[in-house]
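Down below is the structure, laid out as structure tokens.
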Amino acid sequence: MNSLVNEGLSLGLVFFDVLYLDSVSLLSRNYSERRQLLGSLVHIEPGKSMLAKRYPIDMTSNQPVKVLYQIFSEHIAAGEEGLVLKGDDSKYNDYRKPWIKLKRDYLPDSGDKLDLIIVGATWEKVRGRNLRGEWLCGRIYV
């Protein structure tokens, strides 16, 4: 593996929620309370430890779906996996106000796709091991 590919990059922790603190469950608290508490606990250091960004959407506005679509599009364009929609006053696993995961793969014709042609097959296990990871031909759409 080429070590220059990752040169200058480091992994960072992104914090989304806090569910337990000092052996006390916070599951009965609403999300806005837990998020405020999380903000007081995490020492923010760009590129190393961060809070996940939040985007309040006014559901009484003229076009909340348009706002959501814009935020979602920006995240997908940045190579992020998707969004989780949470009501500010929802509790963890609250069936009356469920959280919704919105990912590119959930939308028709938007997920990852592979367009490949199989050019050969064999029952020879040893030969199969040698071909693993090699592209014989085909196109990939992601």
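Numbering (the working numbering), first residue to last: -12 to 129. Cβ atoms here follow ideal geometry from the backbone N, Cα and C, with glycine treated the same way. All of these numbers come straight from a predicted model, not from anything done at the bench.
V5 and L24 closer than 9 angstroms at C-beta: yes
Residues in the same chain with beta-carbon distance under 7 angstroms from H30, minus the five sequence neighbours each way, listed in chain order, please. S36
Find the nearest neighbour of P43 within the set L(-2), E32, R16 and L72, judged by alpha-carbon distance. L72
Leaving out five residues on either side along the sequence, give the residues of the same chain with a beta carbon under 6 angstroms from the beta carbon of K88. V71
Assign P85 to one of two classes, buried (16 or more other C-beta atoms within 10 Å of its C-beta) or exposed (fewer than that). exposed
Would you check if the segment 10 to 25 and the segment 45 to 59 touch, i.e. whether three or more CB-CB distances between them fall below 8 angstroms? no
Closest Cα partner of K40 within the set L0, Y79, N49 and S10: L0
Give the straight-line distance between the Cα atoms of G34 and A65, rounded to the nearest whole angstrom. 16 angstroms
Just to confirm my understanding: we take S27, look at its own chain, exclude 5 residues before and 5 after, and list those with CB closer than 8 angstroms. What are they? none
Other residues of its chain near Y56: CB distance less than 8 angstroms, five sequence neighbours each side excluded: none
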